[in-house]
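The structure appears below as structure tokens.
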Amino acid sequence: MTLMRAARLHLPTHTLTIEEVPRPTPGPGHVLIEVAAAGVCMSDVHLIDGTLGRPPHLQGDTVTVGHEVSGTIVELGDGVTQFTLGQRVVLQAGDIRGGQMHTRGVDFDGGWAEYALASVESVFPLPDSLPFEQAAIIPDAVSTPWDAIVRTAAVRPGEAAGVWGVGGLGAHAVQLLRAVGAFPIIAVDPLAAARGRALDLGADLALDSGDPTFREQVLSVTKGRALNAAFDFAGVTPVHEQALSVLAPEGRLILAGLSGRPLVVNDSTMFSYLKHEIRGHFGTKLDAVPQLVDLVGGGRLDFSRSITDVLPLEKASVAVERLHTKEGNPLRLILKP
Numbered sequence: 003m004t005l006m007r008a009a010r011l012h013l014p015t016h017t018l019t020i021e022e023v024p025r026p027t028p029g030p031g032h033v034l035i036e037v038a039a040a041g042v043c044m045s046d047v048h049l050i051d052g053t054l055g056r057p058p059h060l061q062g063d064t065v066t067v068g069h070e071v072s073g074t075i076v077e078l079g080d081g082v083t084q085f086t087l088g089q090r091v092v093l094q095a096g097d098i099r100g101g102q103m104h105t106r107g108v109d110f111d112g113g114w115a116e117y118a119l120a121s122v123e124s125v126f127p128l129p130d131s132l133p134f135e136q137a138a139i140i141p142d143a144v145s146t147p148w149d150a151i152v153r154t155a156a157v158r159p160g161e162a163a164g165v166w167g168v169g170g171l172g173a174h175a176v177q178l179l180r181a182v183g184a185f186p187i188i189a190v191d192p193l194a195a196a197r198g199r200a201l202d203l204g205a206d207l208a209l210d211s212g213d214p215t216f217r218e219q220v221l222s223v224t225k226g227r228a229l230n231a232a233f234d235f236a237g238v239t240p241v242h243e244q245a246l247s248v249l250a251p252e253g254r255l256i257l258a259g260l261s262g263r264p265l266v267v268n269d270s271t272m273f274s275y276l277k278h279e280i281r282g283h284f285g286t287k288l289d290a291v292p293q294l295v296d297l298v299g300g301g302r303l304d305f306s307r308s309i310t311d312v313l314p315l316e317k318a319s320v321a322v323e324r325l326h327t328k329e330g331n332p333l334r335l336i337l338k339p
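Take 3 as the starting number for the sequence shown in the numbering used here and just add one per residue.
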């Protein structure tokens, strides 16, 4: 039996350990990937600390973490003809199983390992020009805000947009809103370092959510129009009330950050009068990742500044702690087996 190293989460004790486990073998319609890079996401942190609860489709109490994965195909399952050995690829963050979406590294073993299995439907080729580290974060860190912007919110050029929470998702949302022509783009975060990062990435204004002149500044920069679209990537309940207070008539509030808490509209009359909308958002459509790979490969998008640090797989717990404490203001940390 061939073994490999993997970062395994033991759910009952919330412990993450590096273990030697059997190297998987691809069945029909699957490929085996030698992992080159795997992203560390706040949802990984929340999975490990138990905030997200038990994965709904996980069999057993242990799982290899990691849903942002890129690498090279090293083994083909029966019937796989659309890919070749040695091909550079990135993996979708989940697979459709039994008609339902199962998340990689949550509901089944993911990419914080030397090797990872994937169905051919969740595998997308990479151009040689796109580094593995940048490619790995496209599923979720980039594709989730992309779909939130272009599909759920349907942002049009010239529309004013606000982004609450300038972490891994929100920082990319700022870049993507700029790419689709939103204006102005207002970033909101209580951390000064995060606000500075938002301005570096293209926000027109960065505000502290606790600023007593918050509403006045939003109305000033939008010339009194307020926001057409507001994105909650923080998953914090007070964001909803603040975002609704600066939404334009027929504005959309998009909930992409997960909190698990009740959703409350304090002034239902004004909500109805202004024809506001609250739209939930989760994950991405299957075509988002290849779209973004093409946009990066074609020079329309650049995520080279997104990679804060690259750590060996053995430092997975260190990476989780750094993201949890925001040590060094990380945008995305990468594990390299």
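Ideal placement from N, C-alpha and C gives every residue a C-beta, glycine not left out. All values reported here derive from a predicted model rather than from experimental measurement.
Answer yes or no: do residue i and residue j have a C-beta to C-beta separation smaller than 7 Å?
i: Leu337; j: Val144; result: no
i: Leu260; j: Ala232; result: no
i: Pro192; j: Ala175; result: no
i: Asp142; j: Ala95; result: yes
i: Gly73; j: Glu36; result: yes
i: Ile50; j: Leu18; result: yes
i: Gly31; j: Val91; result: no
i: Asp109; j: His59; result: yes
i: Val223; j: Asp234; result: no
i: Gly253; j: His278; result: yes
i: Leu315; j: Ala321; result: no
i: Phe126; j: Pro251; result: no
To the nearest angstrom, how far is the alpha carbon of residue i from that of residue j?
i: Ala155; j: Asp46; result: 26 Å
i: Ala162; j: Ile151; result: 12 Å
i: Gly107; j: Pro28; result: 17 Å
i: Leu93; j: Ser270; result: 42 Å
i: Leu364; j: Ala318; result: Only positions 3 to 339 of the chain appear in this structure, which leaves residue 364 out of reach.
i: Pro339; j: Met44; result: 20 Å
i: Leu78; j: Ser247; result: 53 Å
i: Thr15; j: Arg158; result: 46 Å
i: Asp210; j: Arg197; result: 8 Å
i: Leu288; j: Trp114; result: 22 Å
Could you give the C-beta distance for residue i and residue j, rounded to a whole number, given that I count them as a contact under 8 Å?
i: Thr53; j: Arg10; result: The Cβ separation is near 19 Å, so there is no contact.
i: Glu168; j: Arg217; result: Per the sequence shown, the amino acid found at residue 168 is Val instead of Glu. That pair is no contact at about 19 Å.
Which residues bound the beta strand (DSSP E) around residue i?
i: Gly282; result: Glu279 to Gly282
Whose C-alpha, out of the options, is nearest the C-alpha of residue i?
i: Ile139; options: Glu70, Ala200, Val176 and Leu93; result: Glu70
i: Arg334; options: Val122, Ala39 and Gln61; result: Ala39
i: Leu119; options: Gly100, Val67 and Trp166; result: Val67
i: Val340; options: Gly237, Gln102, Leu303 and Pro240; result: Residue 340 falls outside the range modelled here, since the chain spans only 3 to 339, and no answer is possible.
i: Pro186; options: Ala8, Leu207, Gly330 and Thr86; result: Leu207
i: Ala290; options: Cys43, His104, Pro26 and Arg153; result: Arg153
i: Arg281; options: Pro292, Leu265 and Tyr275; result: Leu265
i: Pro24; options: Leu78, Thr15, Glu116 and Val165; result: Glu116
i: Leu276; options: Gly299, Arg227 and Pro129; result: Arg227
Is the Cβ of residue i closer than 7 Å to any Cβ of chain D?
i: Trp114; result: The chain labelled as chain D is not found in the depicted structure, where only one protein chain is given.
Could you give the residue range of the alpha helix (DSSP H) that holds residue i?
i: Arg199; result: Ala194 to Asp202
i: Val298; result: Ala290 to Gly299
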